[in-house]
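2 protein chains.
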Amino acid sequence: MAERSLVFPAAEFVRRTGALQARMAEAGQDALLLTGPADIFYVTGFLTRFWESPARPWFVVVPAAGRPVAVIPAIGSALMGRTWIDDIRTWPAPDPEDDGIGLLAETLGDLVPESGAIGVPMGLETSLRMPLGDYLRLAARLAPRGLVDATDTIQRVREIKSEAEIAKIRAICGIADTAFEAVPAIVAETPRLDTVFRSFQMALLEAGADWVSYTAGGAGPGGYGDVISPAGPQVLRAGDLLMLDTGAVKDGYFCDFDRNFALGKPSPEVCRAQAALFAATEAALATLRPGMRASDAHRILTGALEKEGATPGGGRLGHGLGVTLTEWPSFTDRDHTELRAGMVLTLEPSVELAPGRILVHEEDIVLRATGPELLSRRAPAELPVIVP
Amino acid sequence: MAERSLVFPAAEFVRRTGALQARMAEAGQDALLLTGPADIFYVTGFLTRFWESPARPWFVVVPAAGRPVAVIPAIGSALMGRTWIDDIRTWPAPDPEDDGIGLLAETLGDLVPESGAIGVPMGLETSLRMPLGDYLRLAARLAPRGLVDATDTIQRVREIKSEAEIAKIRAICGIADTAFEAVPAIVAETPRLDTVFRSFQMALLEAGADWVSYTAGGAGPGGYGDVISPAGPQVLRAGDLLMLDTGAVKDGYFCDFDRNFALGKPSPEVCRAQAALFAATEAALATLRPGMRASDAHRILTGALEKEGATPGGGRLGHGLGVTLTEWPSFTDRDHTELRAGMVLTLEPSVELAPGRILVHEEDIVLRATGPELLSRRAPAELPVIVP
Numbered sequence: 236m237a238e239r240s241l242v243f244p245a246a247e248f249v250r251r252t253g254a255l256q257a258r259m260a261e262a263g264q265d266a267l268l269l270t271g272p273a274d275i276f277y278v279t280g281f282l283t284r285f286w287e288s289p290a291r292p293w294f295v296v297v298p299a300a301g302r303p304v305a306v307i308p309a310i311g312s313a314l315m316g317r318t319w320i321d322d323i324r325t326w327p328a329p330d331p332e333d334d335g336i337g338l339l340a341e342t343l344g345d346l347v348p349e350s351g352a353i354g355v356p357m358g359l360e361t362s363l364r365m366p367l368g369d370y371l372r373l374a375a376r377l378a379p380r381g382l383v384d385a386t387d388t389i390q391r392v393r394e395i396k397s398e399a400e401i402a403k404i405r406a407i408c409g410i411a412d413t414a415f416e417a418v419p420a421i422v423a424e425t426p427r428l429d430t431v432f433r434s435f436q437m438a439l440l441e442a443g444a445d446w447v448s449y450t451a452g453g454a455g456p457g458g459y460g461d462v463i464s465p466a467g468p469q470v471l472r473a474g475d476l477l478m479l480d481t482g483a484v485k486d487g488y489f490c491d492f493d494r495n496f497a498l499g500k501p502s503p504e505v506c507r508a509q510a511a512l513f514a515a516t517e518a519a520l521a522t523l524r525p526g527m528r529a530s531d532a533h534r535i536l537t538g539a540l541e542k543e544g545a546t547p548g549g550g551r552l553g554h555g556l557g558v559t560l561t562e563w564p565s566f567t568d569r570d571h572t573e574l575r576a577g578m579v580l581t582l583e584p585s586v587e588l589a590p591g592r593i594l595v596h597e598e599d600i601v602l603r604a605t606g607p608e609l610l611s612r613r614a615p616a617e618l619p620v621i622v623p
Numbered sequence: 236m237a238e239r240s241l242v243f244p245a246a247e248f249v250r251r252t253g254a255l256q257a258r259m260a261e262a263g264q265d266a267l268l269l270t271g272p273a274d275i276f277y278v279t280g281f282l283t284r285f286w287e288s289p290a291r292p293w294f295v296v297v298p299a300a301g302r303p304v305a306v307i308p309a310i311g312s313a314l315m316g317r318t319w320i321d322d323i324r325t326w327p328a329p330d331p332e333d334d335g336i337g338l339l340a341e342t343l344g345d346l347v348p349e350s351g352a353i354g355v356p357m358g359l360e361t362s363l364r365m366p367l368g369d370y371l372r373l374a375a376r377l378a379p380r381g382l383v384d385a386t387d388t389i390q391r392v393r394e395i396k397s398e399a400e401i402a403k404i405r406a407i408c409g410i411a412d413t414a415f416e417a418v419p420a421i422v423a424e425t426p427r428l429d430t431v432f433r434s435f436q437m438a439l440l441e442a443g444a445d446w447v448s449y450t451a452g453g454a455g456p457g458g459y460g461d462v463i464s465p466a467g468p469q470v471l472r473a474g475d476l477l478m479l480d481t482g483a484v485k486d487g488y489f490c491d492f493d494r495n496f497a498l499g500k501p502s503p504e505v506c507r508a509q510a511a512l513f514a515a516t517e518a519a520l521a522t523l524r525p526g527m528r529a530s531d532a533h534r535i536l537t538g539a540l541e542k543e544g545a546t547p548g549g550g551r552l553g554h555g556l557g558v559t560l561t562e563w564p565s566f567t568d569r570d571h572t573e574l575r576a577g578m579v580l581t582l583e584p585s586v587e588l589a590p591g592r593i594l595v596h597e598e599d600i601v602l603r604a605t606g607p608e609l610l611s612r613r614a615p616a617e618l619p620v621i622v623p
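In order, the protein sequence lines correspond to chains A and B.
Numbering of the first sequence is given in my numbering, commencing with residue 236 and proceeding in unit increments.
Numbering of the second sequence is given in my numbering, commencing with residue 236 and proceeding in unit increments.
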């Protein structure tokens, strides 16, 4: 299992750590304190579903030079010991007296001079996965060292995927492609939405997903109300549009795309929305380039939808993707993050057919110097029809 | 889907909110600010796997009286609108300029007097699911109102399960019982650990789980090294012990228990460890009572193992269970939380056979006035043998 828990050869983690340390040097950060599953997996290869248990905090410190140091609950030492990390300090968590803060303060105190700064992700799309009270106590204990925002340090590195990472995302997209092929047969067998969701998750596992962290979707006459709901016992009927969206996982990497199906022949209104969405994705595939901004992607998608006479849905029309279901940036008119070669992104145009009734397409791409390369298999131009 | 997204009738949420408000009044907290999926599900019924996306923060405010107020990204308004919450305030997240903090500050400012205190979970087993920078800005903006620790307020309410909640946990335990029955056939078909994990997840879905948030396990000659690792391509061999652990989910409630299987006839050493673990669980089932402390459960389990001549494993030997895979308290010698009737708990004794080689049992119970009632079907006294 040693190789498996690493996911990548050590060289990949050496590269990542080096890239972070270069950014840290520029930003005047003498260490990074990481607490979340994605950041910790990114620098160590430590991959487990045990994050589902909120009982214990986990800490990884990236020093100015050298390998990251893990300060973790003893229960994780065997698994962390199979990664490239060699400095693993543990305590018997959960400990109501001191849940790792003493050990962490000592570690940071040794690695960072009193005049130094410790970077912590504090910005958009981040959160601190440790008790807030302990964080405040840690900050007091580390003073005069400062705790500063390191969101930019981490996001500018993580957002550019290596070819090894792109291969992982392509693999899980291929698994989802295979599972989506099974949907018509699944619906034909039992057209109840919750059963369809259950069988779809089984199809993802059957196709090779390690686990299925996310499924959502909707179904309704001529569109659906939202794209984040779990499935209820609703029975699919002729005239319904069914959408399934998945974030399945292989080797710690996510896909995130959806597929739509019409129960019986779709109405002309739905066909027009479908055509507009397909055209909008085509426009983005044809014109998106490095050097553009996230807001440009929003403009391209919105413009194409409007040209087709469709009303763009609210919210973001695509986003980053990788070691979490969604990553920054967001394709909105307010996000001006630069798009760079190596970013893995979703194109997710949506159309509002009526208040509370939408249709959403989604594809996964990697942005190359020459433009987007599809990672998901392109959805068909016309809505697949399932005879109800 | 309206009923489904509620999970429970509104009366259940009225009861929960009332219980929180009674604790808040005692603690001098004029509102609670909740940011995490479990707390938000607990007071609203808002259930979605969309929490997998770290892009957006979600806020629910429990005022001193009346229904909770949701301050959430617009993408969640349709789903939140199907719960019992009627005051839903939204913004177009993610917004790099102001990701809901203005709206949240206004909401809290209206509900809490300037001399008041706002409770936030800050203690053991909690974390703040929003950007830390935004939290610090919010705190400054709300001054002179204080932000105080509300861990106790929430934990003392959430830890006592209603009969409706117990029924949900019993249902998902039954689903896992059924799936575990399929394990010998799964192993017989393909004795590769990652394939076994995949098929086991499919069996959980087949048996009726909505989704499978957690699987872990281990396998090795005469024991395994840890209980949090994902599966690798390791091929199971005669003499191996296989352990599978799952936190599957139905209606937002988790089970959390494991089962062990011997590949071929187990060694006398393994049989002794098995007998000691079985006896330890029996001892806890027979003697655990409300009014004891979490540390008493640890003492009972450890004492029973030592009486059988076994070496208890490190770490906690059981914990709470409910709307997350694990909840407080922890069965350690340091956790003195009072055990009360209505708590759902796991009994998780472990034995160290040799350094890096353990055997772990786990059952789920609800603590009644008269003692534990099993929610998982009691594991057999002797290790089930799979002929390799």
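The beta-carbon is built from N, C-alpha and C at its ideal position, and this holds for glycine as well.
Since the structure is predicted, the reported quantities are computational estimates derived from the model, not experimental observations.
Looking at the secondary structure, which residues open and close the beta strand (DSSP E) in which residue i lies?
{"i": "Tyr625 (chain B)", "result": "Absent from the model: residue 625 (chain B). The displayed extent of chain B is 236 to 623, so no value can be given."}
{"i": "Thr522 (chain B)", "result": "No beta strand (DSSP E) contains Thr522 (chain B), which is instead part of the alpha helix (DSSP H) from 503–522."}
{"i": "Asp274 (chain A)", "result": "It is not in any beta strand (DSSP E) - Asp274 (chain A) instead sits in the alpha helix (DSSP H) that spans 272–279."}
{"i": "Val304 (chain B)", "result": "304–308"}
{"i": "Ala266 (chain B)", "result": "266–269"}
{"i": "Gly381 (chain A)", "result": "381–384"}
Can you look up residue i in the DSSP assignment and give me helix, strand or coil?
{"i": "Arg592 (chain B)", "result": "strand"}
{"i": "Trp326 (chain B)", "result": "strand"}
{"i": "Phe566 (chain B)", "result": "coil"}
{"i": "His554 (chain A)", "result": "strand"}
{"i": "Ala237 (chain A)", "result": "With a pLDDT of 40 at Ala237 (chain A), under the threshold of 50, the modelled position of this residue cannot be trusted; read the value that follows with caution. The answer is helix: DSSP assigns Ala237 (chain A) an H, G or I state."}
{"i": "Asp345 (chain B)", "result": "helix"}
{"i": "Ala616 (chain B)", "result": "coil"}
{"i": "Ala497 (chain A)", "result": "strand"}
{"i": "Ile535 (chain B)", "result": "helix"}
{"i": "Ala254 (chain A)", "result": "helix"}
Excluding sequence positions up to five away, which residues of its chain have a Cβ less than 8 Å from the Cβ of residue i?
{"i": "Pro379 (chain B)", "result": "Glu349, Ser350"}
{"i": "Ser448 (chain B)", "result": "Gly482, Ala483, Val484, Phe489, Leu560"}
{"i": "Met259 (chain A)", "result": "Asp265, Ala266, Leu267, Val297, Ala299, Gly354, Ala385, Thr388"}
Can you name the residues that DSSP bridges to residue i?
{"i": "Tyr488 (chain B)", "result": "B:Lys485"}
{"i": "Thr581 (chain B)", "result": "B:His554, B:Asp599"}
{"i": "Leu586 (chain A)", "result": "For the record, residue 586 (chain A) in the displayed sequence is Val; it is not Leu. Paired residues: A:Pro547, A:Leu594."}
{"i": "Glu573 (chain A)", "result": "A:Arg528"}
{"i": "Tyr459 (chain A)", "result": "A:Ile593"}
{"i": "Pro298 (chain B)", "result": "B:Ala266"}
{"i": "Glu608 (chain A)", "result": "A:Val601"}
{"i": "Arg427 (chain A)", "result": "A:Val470"}
{"i": "Leu477 (chain A)", "result": "A:Ala454, A:Phe496"}
Spatial neighbours of residue i within its chain, please: C-beta separation below 6 Å, excluding the five flanking residues on both sides.
{"i": "Ala466 (chain A)", "result": "Leu428, Asp429, Phe432"}
{"i": "Glu597 (chain A)", "result": "Phe492, Asp493, Thr581, Glu583"}
{"i": "Pro308 (chain A)", "result": "Arg291, Ala328"}
{"i": "Asp445 (chain B)", "result": "Val484, Lys485"}
{"i": "Gly629 (chain B)", "result": "Not covered by the structure: residue 629 (chain B). The range shown for chain B is 236 to 623."}
Quick one: using the 10 Å Cβ neighbour count with 16 as the cut-off for buried, is residue i buried or exposed?
{"i": "Ala423 (chain A)", "result": "exposed"}
{"i": "Pro371 (chain A)", "result": "A small fix is needed here, since residue 371 (chain A) is Leu in this sequence, not Pro. It is exposed - the Cβ of Leu371 (chain A) has fewer than 16 other Cβ atoms within 10 Å."}
{"i": "Arg317 (chain A)", "result": "buried"}
{"i": "Ala375 (chain A)", "result": "exposed"}
{"i": "Thr516 (chain B)", "result": "buried"}
{"i": "Asp193 (chain B)", "result": "The structure shown has nothing for residue 193 (chain B), since chain B only spans 236 to 623."}
{"i": "Gly344 (chain B)", "result": "exposed"}
{"i": "Ala237 (chain A)", "result": "The predicted model places Ala237 (chain A) with a pLDDT of 40, which falls under 50 and marks its position as unreliable; any figure quoted below should be read in that light. With fewer than 16 Cβ atoms within 10 Å of its Cβ, Ala237 (chain A) is classed as exposed."}
In chain order, what residues of the same chain have a beta carbon less than 7 Å from the beta carbon of residue i, not counting five sequence neighbours either side?
{"i": "Ile593 (chain B)", "result": "Gly458, Tyr459, Gly548, Ser585, Val586, Glu587"}
{"i": "Gly443 (chain B)", "result": "Ile410, Lys485"}
{"i": "Leu282 (chain A)", "result": "Ser240, Val242, Phe276, Gly487"}
{"i": "Glu608 (chain B)", "result": "Ile600, Val601"}
Along the chain, where does the alpha helix (DSSP H) containing residue i start, and where does it finish?
{"i": "Ala352 (chain A)", "result": "Segment 352–355 is the beta strand (DSSP E) holding Ala352 (chain A); no alpha helix (DSSP H) there."}
{"i": "Lys403 (chain A)", "result": "398–416"}
{"i": "Met315 (chain A)", "result": "312–315"}
{"i": "Leu377 (chain A)", "result": "367–377"}
Could you check whether the Cβ of residue i sits closer than 7 Å to any heavy atom belonging to the ligand ATP?
{"i": "Ser288 (chain B)", "result": "The ligand ATP is absent from the structure shown, which contains no ligands of any kind."}
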